[in-house]
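Read the structure below first, then the notes.
Number of protein chains: 2
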Amino acid sequence: MFQNLNQDEPIFPIRAAAQLLKISVHTLRMYEREGLIIPFKKESSHRLYSQTDLKRIECIRRAINEMKISINGIKTMYSLIPCWEIMGCSEENRKNCKSYNEHSKPCWGYAHEKNVCEEKKCRDCEVYKKHSQCGEIKELIKSISR
Amino acid sequence: MFQNLNQDEPIFPIRAAAQLLKISVHTLRMYEREGLIIPFKKESSHRLYSQTDLKRIECIRRAINEMKISINGIKTMYSLIPCWEIMGCSEENRKNCKSYNEHSKPCWGYAHEKNVCEEKKCRDCEVYKKHSQCGEIKELIKSISR
DNA sequence: AGAAGTTGATATTTATAGATATCAACAATA
DNA sequence: TATTGTTGATATCTATAAATATCAACTTCT
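Residue numbers (the numbering used here), protein chains in the order written: chain B, -2 to 143; chain R, -2 to 143.
Put into structure tokens, the structure is as follows:
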């Protein structure tokens, strides 16, 4: 089912997404409020979820329910993602970047002012898209050191 | 009090350490079982804690109780420490190292066989000693990428 | 027009992590 | 020798994270 659709196409309204994931819509909004996910929003502010979004959320649920990592733990882990390397931030950028200088939530949880992220939408950013699991984050850390 | 003592000298038996930290001895043993701390042990297998150990434990308690990061979250964070960079592990070392290839607990939680860690005591290792807080881990990740 | 969405506040349920305690058999300490 | 420590198992308490639900006023979809 759905194989022939573009995996990144945001097509599921919140209720449908919740049903597919077997959780409540409240939980989905909670994850969003905590900064774990960024669903697509049309002009109307209605949320839409893609297949990729659902996979990401399943991964987050495994972290919480099976690996027993708390939501704040996940946020802190996300804050360790070396986004500055992926984005190629200048020294000046780094100096002004809260994400670079703090470690309580993911970079996509900050309002990006006056830096390379200012123009970009976090939902479409490689940093957000490629690093939802701890394994991926560790691989990234490995890769930047060689 | 205690200022004139060597901060790294293991002098407090478990009960004294627990009293200073205002927690139970069970909690101290639990942190050890979870791999968060490595108290000094004399031949007799009695634990002794240094001032530095106490500071480390206070830091861990802040992470759990104030930052609301679960113990499994802390373990996962520790697993992201690029120990292979600090220790200068060879490609061969890395290939055989569980710590390098997994991400569920800190490197000092593994039995080190056939690698550069084999001879060393983790308690005395820079990786263990210098990186008990998320801020320190993030600084380390920053430093290996330049 | 009716269904489904929005934000925001508030409240409740449930599962369990974190912490504490107890008992046993034994070893080391001072 | 009395105290304090060890491991291991087991049991309980408590605080709270995670999840769910409800209500209100409003907006957007089909």
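Yeah, the Cβ is synthetic: ideal placement off N, Cα and C, and Gly gets one too.
| Spatially closest choice to residue 107(R) from 11(R), 22(R) and 32(R), by CA coordinates | Sequence index remark: in the second sequence, residue 107(R) carries index 110 (1-based). The shortest C-alpha separation from residue 107(R) is found at 32(R).
| said: What would DSSP say about residue 38(B), mapped onto helix, strand or coil? | reply: Working through the first sequence from its first residue, we reach residue 38(B) at position 41. Residue state, collapsed to three classes: strand.
| field | Through-space distance from residue 25(R) to residue 115(R), alpha-carbon basis | value | Here residue 115(R) refers to the residue found at position 118 of the second sequence. Here residue 25(R) refers to the residue found at position 28 of the second sequence. If you take the alpha carbons of residue 115(R) and residue 25(R), they lie about 26 Å apart.
| said: So residue 134(R) and residue 77(R) are supposed to be a Cβ contact under 8 Å. How far apart are they, rounded? | reply: Position 137 of the second sequence, counted from the first residue, corresponds to residue 134(R). Position 80 of the second sequence, counted from the first residue, corresponds to residue 77(R). Confirmed, Cβ separation roughly 7 Å.
| said: For a minimum of 3 consecutive residues, which ranges assigned as the beta strand (DSSP E) are wholly contained in the stretch 11 to 92 of chain B? | reply: 44 to 46
| Who are the near neighbours of residue 51(B) in its chain, counting only those whose CB is closer than 7 Å to its CB and skipping five residues on each side? | Your numbering for residue 51(B) matches position 54 in the first sequence. Counting only Cβ-Cβ distances below 7 Å, and skipping sequence neighbours, we find 14, 17 and 18.
| field | Any C-beta of chain B under 7 Å from that of residue 63(R) | value | Position 66 of the second sequence, counted from the first residue, corresponds to residue 63(R). With 7 Å as the cut-off, residue 63(R) does not count as an interface residue toward chain B.
| task | Buried or exposed for residue 10(R), please, with buried defined as at least 16 other CB atoms from any protein chain shown within 10 angstroms of its CB. | result | Along the second sequence, one-based indexing puts residue 10(R) at 13. Under this definition residue 10(R) is an exposed residue.
| Nonlocal neighbours in the same chain, by C-beta distance under 6 Å from residue 84(B), ignoring five residues either side | Locating residue 84(B) in the first sequence gives position 87, counting from the first residue. Closer than 6 Å at the Cβ level, and outside the excluded window around residue 84(B), lie 113.
| Where residue 109(R) falls, given that 16 or more other Cβ within 10 Å makes a residue buried | As a working mapping, residue 109(R) is identified with position 112 in the second sequence. Residue 109(R) should be labelled buried.
| Contacting residues, own chain, Cβ-Cβ under 8 Å from residue 38(R) (five flanking each side not counted) | To locate residue 38(R), count along the second sequence from 1; it is residue 41. The answer, listed in chain order, is 44 and 45.
| How about residue 106(B): is its C-beta nearer than 7 Å to some C-beta of chain R? | The residue you call residue 106(B) lines up with position 109 of the first sequence. False, the Cβ-Cβ gap to chain R never drops below 7 Å.
| message | As a quick exercise: from 65(R), 125(R) and 142(R), pick the residue whose alpha carbon is nearest that of residue 102(R). | response | Taking the first residue of the second sequence as position 1, residue 102(R) is located at position 105. Selected option, being the one with the closest Cα: 125(R).
| query | Given that residue 74(R) touches chain B, what residues does it touch there, using C-beta distances under 8 Å? | reply | What you label residue 74(R) is simply residue 77 of the second sequence in a count that begins at 1. Simply 70, 73, 74 and 77.
| What residue from 99(R), 69(R), 54(R) and 98(R) has the CA that sits closest to residue 22(R)'s CA? | Counting from one through the second sequence, the residue named residue 22(R) turns up at place 25. Out of 99(R), 69(R), 54(R) and 98(R), 54(R) has the C-alpha closest to the C-alpha of residue 22(R).
| query | Can a CB atom of chain B be found closer than 7 Å to the CB of residue 100(R)? | reply | For the purposes of this step, residue 100(R) is taken as residue 103 along the second sequence, with counting starting at 1. It does: the Cβ of residue 100(R) has a partner Cβ on chain B nearer than 7 Å.
| said: Counting only Cβ pairs nearer than 7 Å, list the residues of chain R close to residue 138(B). | reply: The residue labelled residue 138(B) in the question sits at position 141 within the first sequence. What residue 138(B) touches in chain R: 77, 79 and 138.
| task | Kindly list, in the order they appear in chain R, the residues whose Cβ is closer than 9 Å to that of residue 114(B). | result | The count along the first sequence starts at 1 and reaches residue 114(B) at position 117. Chain R residues near residue 114(B): none, gap ~17 Å exceeds 9 Å.
| request: Take residue 56(R) and list the residues in its own chain whose beta-carbon comes closer than 8 Å to its own, dropping the five residues that flank it on each side. | output: Taking the second sequence and counting its residues from 1, one reaches residue 56(R) at position 59. The residues are 129 and 130.
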